[in-house]
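Heads up, the thing below is written out as structure tokens.
Chains as they are written, first to last, in the working numbering: chain X, 22 to 310; chain G, 812 to 1121.
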């Protein structure tokens, strides 16, 4: 299923290589693994709209994508984090001027086992669980008793320390402080949800798109006193959900020609509906069927 | 009939006809030679590469006390990056210990049975099955740890999470068992039959022969089998990554999650910017691992050589 588009794109790119001078143009798109599925879907759909434009999509991580943009080897870099100051400086040196475009939002869900009676949690409570020196390590401290959880000990599930999701959680919830020692660091968004689903004591964070029936997502309170907001497409779009991160596409300077046409299409109704179909929130509210 | 010396040598050379067979022979000769030394070249190449990538960090940045004595591995910290491996070393050691506690009784028992008791078909059949066990890919073992052992351990021992030292220790023990078994079996076979016959002639029972004669005679071989098993468990990556819980803690019991040195490299290297401090620190771990397994395998090898020279 996944091989076919890649094969098509490879074939198309080969074709365009062979027939130099032919009008087909090629857009190189690389970066974030969070975004790779949606970028792939966008590229495929765009093929149907404009068959003469080929878009090659590769993953590798946000850092890889931005590095490629700085080296001038890609036209569009996908990133689940904002470009860093030192990367901008490096870009200027190479005479490249990264231009940012927010194509959607990824709402970070806080997952617990489906038998966990807890319904909502505040960012401060999360920080006291996950932050260095945190003192919340028992479900009873949150006023719940989780059935099937021995000793009511909270099992913290996190991500490996160079993932974009890890970085975003650290920034948005821990305010850049370090994580507590002893979190189980999973290697993938789906692994986090899988493990939470099998462990009654567990809590974990992952993209909203990975929700399944073995887990449930908690409503999040920005302040201890504020109202809890359920993670959903709508609350991510209207920015009331406090932990939704923007997903970016970076180009070198103001996009022109085919690249501009492609990005415009992504930001229009068809592209945005595809973003929401892939489980992410669109950059602005759009009516999709 | 006196031919000058040089002429004689050309004559001999002429006798050594350079036809097609000669060239084929030469070709295969050099091909085999390349195959023979390739292992050496690869090992040296890996050695040079790993050291090249990690040496900059080791020379300029590495705080030795922190590297070996701090449990805090926070290479991407926004406040203060720290590169302590103590928790990982402790975790790896704990898992290796448990895995040997699982593997050694099983493998030595199996080796004794195959070498001393089993005959004919049973023996062949057992050997095939044990080799089959060695052929199971490590990711499959990891999968068993993650999907089967995790809920099982939670149920049986009534603990909050089943991804821990016990889980990965059992998995690694089962992975190391086939290697230990076959080397231990070789060690038993290397004990001359005359020893057994002499013991039996003195009226020893089968068990007494094994316990008093074969085991002491094979003890070096068994030690090297155990050491190779340790090396295998220490260097295993995928299965531990999946079954250990991958948590930075110094384990206090077998039910604590841990993180292995190897698993840290596997989990982090892929998304680390090439050449960064974090990247080089991972290579420093690689050098550390390389040295440990090198020492373990060397020791095992020296012990085996010790037997042969006896």
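Note that CB positions come from ideal geometry on N, CA and C, so glycine has one too.
Under a CB-based cut-off of 8 angstroms, is residue i close to chain G?
i	result
residue 208/X	yes
residue 176/X	yes
residue 170/X	yes
residue 197/X	yes
residue 202/X	yes
residue 236/X	no
residue 42/X	Residue confidence is low: residue 42/X scores 39 on pLDDT, short of 50, so the model does not pin down where it sits. No coordinate-derived value is stated.
residue 182/X	yes
residue 86/X	no
residue 152/X	no
residue 94/X	no
residue 130/X	no
residue 220/X	yes
residue 205/X	yes
residue 266/X	no
residue 191/X	yes
residue 228/X	no
So, is residue i buried or exposed, given that buried needs 16 or more other C-beta atoms within 10 angstroms?
i	result
residue 53/X	buried
residue 237/X	buried
residue 1097/G	buried
residue 1019/G	exposed
residue 175/X	buried
residue 1064/G	exposed
residue 143/X	buried
residue 1070/G	buried
residue 916/G	exposed
residue 930/G	exposed
residue 1022/G	exposed
residue 188/X	buried
residue 215/X	buried
Kindly indicate if chain X contains any beta-carbon less than 8 angstroms away from that of residue i.
i	result
residue 948/G	no
residue 1088/G	no
residue 881/G	no
residue 961/G	yes
residue 970/G	yes
residue 1064/G	no
residue 889/G	yes
residue 1068/G	yes
residue 1111/G	no
Smallest Cα separation from residue i: which of the options?
i	options	result
residue 248/X	261/X, 254/X, 257/X, 255/X	261/X
residue 169/X	955/G, 952/G, 970/G, 956/G	970/G
residue 990/G	1036/G, 1021/G, 1014/G	1036/G
residue 979/G	1080/G, 953/G, 1025/G, 972/G	953/G
residue 127/X	294/X, 245/X, 88/X, 56/X	56/X
residue 78/X	270/X, 220/X, 274/X	270/X
residue 276/X	246/X, 86/X, 95/X	95/X
residue 182/X	932/G, 882/G, 995/G, 1078/G	1078/G
residue 178/X	199/X, 163/X, 207/X	207/X
Just reading off the beta strand (DSSP E) that residue i is part of, what are its end residues?
i	result
residue 121/X	119-134
residue 1049/G	Looking at the DSSP string, residue 1049/G is not in any beta strand (DSSP E); the run it does join, the alpha helix (DSSP H), is 1049-1054.
residue 143/X	141-143
residue 228/X	223-228
residue 267/X	265-273
residue 177/X	176-180
residue 53/X	Here residue 53/X belongs to no beta strand (DSSP E), and DSSP marks it neither H nor E.
residue 261/X	Run containing residue 261/X: none; DSSP gives neither H nor E here.
residue 74/X	74-79
Can you list, in chain order, the residues of its chain with a C-beta nearer than 6 angstroms to that of residue i? Leave out the 5 residues immediately preceding and following it.
i	result
residue 300/X	230
residue 1007/G	1020
residue 1068/G	974, 975, 1056, 1058
residue 1003/G	none
residue 981/G	913
residue 855/G	none
State the start and end residues of the unbroken alpha helix (DSSP H) segment that holds residue i.
i	result
residue 1007/G	1004-1012
residue 191/X	185-193
residue 243/X	Looking at the DSSP string, residue 243/X is not in any alpha helix (DSSP H), and its letter there is neither H nor E.
residue 205/X	Taken as a continuous stretch (DSSP letters only), residue 205/X belongs to no alpha helix (DSSP H), being part of the beta strand (DSSP E) at 205-207.
residue 964/G	961-968
residue 1021/G	Careful: residue 1021/G lies outside any alpha helix (DSSP H) and carries neither H nor E.
Go through its chain and collect everything with a Cβ distance to residue i's Cβ below 7 angstroms, but skip five positions before and after it.
i	result
residue 1092/G	868, 886, 894
residue 907/G	1041, 1044, 1045
residue 256/X	250, 262
residue 1101/G	861
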